[in-house]
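Novice: Residue numbering for the sequence shown follows the working numbering, beginning at 3 and increasing consecutively.
Every residue, glycine too, gets a C-beta built ideally from N, C-alpha and C.
Only a predicted model underlies this, so the values are computations on that prediction, with no experimental measurement involved.
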Amino acid sequence: MIRRAWTRIAGGIGVAALVFLASAAFAQGELVILSVTGLVLDLREGQSVAAGATIRLPAASTVRLLAASGKVVTVQGPFAGPVPLPDDVKPAESGTQGLARLARFLIERPQGTEASLGAVREVSLGAVRLTEPARPSREPSDPWQVVAEEAGAQCARPPEIVLWRKNAGPAAPYEMRAQPGPSVKAVWPEGEYRQSLRPEFAVDGMKLQVTLGGRASAITLHLLPPALTNPVDIANWMLDKGCHRQAALYLEKLP
Numbered sequence: 003m004i005r006r007a008w009t010r011i012a013g014g015i016g017v018a019a020l021v022f023l024a025s026a027a028f029a030q031g032e033l034v035i036l037s038v039t040g041l042v043l044d045l046r047e048g049q050s051v052a053a054g055a056t057i058r059l060p061a062a063s064t065v066r067l068l069a070a071s072g073k074v075v076t077v078q079g080p081f082a083g084p085v086p087l088p089d090d091v092k093p094a095e096s097g098t099q100g101l102a103r104l105a106r107f108l109i110e111r112p113q114g115t116e117a118s119l120g121a122v123r124e125v126s127l128g129a130v131r132l133t134e135p136a137r138p139s140r141e142p143s144d145p146w147q148v149v150a151e152e153a154g155a156q157c158a159r160p161p162e163i164v165l166w167r168k169n170a171g172p173a174a175p176y177e178m179r180a181q182p183g184p185s186v187k188a189v190w191p192e193g194e195y196r197q198s199l200r201p202e203f204a205v206d207g208m209k210l211q212v213t214l215g216g217r218a219s220a221i222t223l224h225l226l227p228p229a230l231t232n233p234v235d236i237a238n239w240m241l242d243k244g245c246h247r248q249a250a251l252y253l254e255k256l257p
């Protein structure tokens, strides 16, 4: 969990300053901070860091930085010294402008809330009593999964397109209808979060109406072009398509 060590007043000033800096073109070799964990007072998501700049991290802290090449650099505390440079790899087609856009996104995006763990049940294991979530409601951990209950643009990466429901509870009927195009009615199995999207619906730009548990969601499906391989370009493509939640998760999951 990212811990932000900014006061409200200083934080507000800091965000404004960071947005201004992120609006400027990145210099060649600059990196953008993807995440900060631990008590790090002077570093924040979306902040740019010059290659070779000195940073200081206390123990039990970590900073992840993204270069325009798409390479992620992870620095763990305790650390004091220049930012390690990533390996020389092919730069993103969007160049430093694409990295600057991701910096603005990381600074300005609304912060999500932690997923609910749902009801809790007790499990007896010999003399030890444990608790565990009972059919928890949760967000997908894979940025490419299409959430059935989420309306709007969603991005997926072929070849397998996965449909996700947030609550793996009882079996539930659902209907999927392309507009225009085929439709199908099926039952989501009990305890399952995932369903593979049928090939006839896995079409770029397809508009889908998904009804699950009496709730209908209008989804526009966007498929990642195979020519895009650099993470900076991929994340910018996701933003272009309006897949903001997925773009944030994609950046979070970059190795």
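Can you tell me whether DSSP reads Ala61 as helix, strand or coil?
Specialist: In the sequence shown, the residue the question calls residue 61 occupies position 59. DSSP places Ala61 in coil when its eight states are reduced to three.
Novice: Look up Asn232 in the DSSP assignment and say whether it is helix, strand or coil.
Specialist: If you number the sequence shown from 1, residue 232 lands on position 230. Looking at Asn232 - three-state DSSP - the assignment turns out to be coil, as it is neither helix nor strand.
Novice: Roughly how many angstroms lie between the CA atoms of Gln211 and Arg159, to the nearest whole one?
Specialist: As a first step, residue 211 must be located in the sequence shown, where it is residue number 209. As a first step, residue 159 must be located in the sequence shown, where it is residue number 157. Straight-line Cα distance between these residues: approximately 20 Å.
Novice: Kindly indicate which three-state DSSP category Ile221 falls into: helix, strand or coil?
Specialist: For the purposes of this step, residue 221 is taken as the residue at position 219 of the sequence shown. If DSSP states are grouped into helix, strand and coil, Ile221 belongs with the strands.
Novice: Start and end of the alpha helix (DSSP H) containing Gln248?
Specialist: Taking the sequence shown and counting its residues from 1, one reaches residue 248 at position 246. Gln248 -> alpha helix (DSSP H) spans His246 to Lys255.
Novice: What does Thr39 pair with, by DSSP beta-bridge criteria?
Specialist: Against the sequence shown, residue 39 aligns to sequence position 37. Answer is Thr64.
Novice: Give a yes or no on whether the C-beta atoms belonging to Asp235 and Glu32 are separated by under 7 Å.
Specialist: On the sequence shown, residue 235 is found 233 positions in, with the first residue counted as 1. On the sequence shown, residue 32 is found 30 positions in, with the first residue counted as 1. No, the Cβ-Cβ distance between Asp235 and Glu32 is not below 7 Å.
Novice: Looking at the unbroken beta strand (DSSP E) that takes in Tyr195, where does it start and where does it end?
Specialist: Along the sequence shown, one-based indexing puts residue 195 at 193. Tyr195 -> no beta strand (DSSP E), and no H or E assigned at all.
Novice: Out of curiosity, what's the CA-to-CA distance linking Ser50 and Ala61?
Specialist: In the sequence shown, counting from the first residue as 1, residue 50 sits at position 48. In the sequence shown, counting from the first residue as 1, residue 61 sits at position 59. Between Ser50 and Ala61, the C-alpha separation is close to 22 Å.
Novice: Distance, Cα to Cα, Pro84 vs Ile57?
Specialist: Along the sequence shown, one-based indexing puts residue 84 at 82. Along the sequence shown, one-based indexing puts residue 57 at 55. Spanning the two alpha carbons is a distance of roughly 6 Å.
Novice: In chain order, what residues of the same chain have a beta carbon less than 6 Å from the beta carbon of Val77, not counting five sequence neighbours either side?
Specialist: Against the sequence shown, residue 77 aligns to sequence position 75. Excluding sequence neighbours, Val77 sits near Val65.
Novice: Does Gly183 pass the burial test, meaning 16 or more other C-beta atoms within 10 Å, or should it be called exposed?
Specialist: Locating residue 183 in the sequence shown gives position 181, where the first residue counts as 1. Its Cβ having fewer than 16 others within 10 Å, Gly183 is exposed.
Novice: Taking the beta strand (DSSP E) that Ala82 falls in, what are its first and last residues?
Specialist: The sequence position of residue 82 within the sequence shown is 80, counting from 1. Unbroken beta strand (DSSP E) run through Ala82: Phe81 to Pro84.
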